[in-house]
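Everything below concerns the one structure shown next.
In our numbering, the protein residues as written are 921 to 1175.
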């Protein structure tokens, strides 16, 4: 355990040294600056490069920060900006529906709630900021899958079992893809008691300046309140909320 922690500390030392070097540094100079043997630094660099956190310039032999690190930082900063821009619209949606509202993003093969607005007029939902939920049986999950190719969706679930959460959970991948086709067609998704008994949810996509889906907005409630008869009405509120947030994130529909 001690060696593992020491290796992590040394990896961070390397990242911090390279963070200030636009053109990168060679192994010898990195080793000198952080006080380690070249062979140790080389092993750490090789491991970090294999994960994309470090890049090597083959012409000069210099190492610099990799795109994976930039990607992680960008995702974090974007999520902060997204939450800030989305807050007033999420609050308005919660007021319109009198139900809890969620903002979720995709993280590998799960959806993660990054914000939640409670409603004082409803039961407390079993959800919280930071909670992870499956993609296949939630409205936010279906929305986050809607811009992916069918082949990519199959790949996501190829080694995963679609475990039934309720009697309504879709457990067949081809049925899931058909459901997502319907989501693409109408522009919003429904969780019809698929994740929790007695709870229904409607979600819509948030787009960014690249016209890519970066999040999902949803509202959830008891099936007697978010009833099938009200799907079109509530979906209109959710879609409009997602559209307004998308505008704030630089989205412009393709002509």
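Glycine included, each C-beta is placed from N, C-alpha and C at the ideal position. Computed from a predicted structure; not experimentally measured.
- Fewer than three pairs of CB atoms, one per stretch, sit closer than 8 Å, so the stretch 1071-1086 makes no contact with the stretch 1135-1152.
- Residue 1049 and residue 940 have their C-alpha atoms spaced approximately 34 Å apart.
- Note on the stretch 1002-1061: whole beta strand (DSSP E) runs with a minimum of 3 residues are 1021-1027, 1030-1037 and 1052-1054, in chain order.
- Nearest to residue 978 by alpha-carbon distance, out of 1008, 950 and 944, is 944.
- An exposed status is given to residue 929, since fewer than 16 other beta-carbon atoms sit within 10 Å of its beta-carbon.
- Taken through DSSP and simplified to helix, strand or coil, residue 1139 comes out as strand.
- In the DSSP assignment, residue 1154 falls outside any beta strand (DSSP E) and within the unbroken alpha helix (DSSP H) covering 1151-1168.
- Rounded to the nearest whole angstrom, the CA to CA distance from residue 1081 to residue 1003 is 32 Å.
- In this structure, the straight-line span from the alpha carbon of residue 1038 to that of residue 1118 is close to 18 Å.
- In the DSSP assignment, residue 984 falls within the unbroken beta strand (DSSP E) covering 983-985.
- A direct Cα-Cα distance of roughly 6 Å separates residue 1036 from residue 1021.
- Secondary structure at residue 1148: helix, using DSSP grouped into helix, strand and coil.
- When the five nearest sequence neighbours on each side are left out, the beta carbons in the same chain lying within less than 7 Å of the beta carbon of residue 1065 are those of 1055, 1073 and 1100, in order along the chain.
- Sequence-distant Cβ neighbours of residue 1089 in its own chain, meaning closer than 6 Å and more than five residues away, are 1057 and 1114.
- Counting only residues of its own chain and dropping the five nearest sequence neighbours on each side, residue 1063 has a CB closer than 6 Å to the CB of 1109, 1123, 1125 and 1136.
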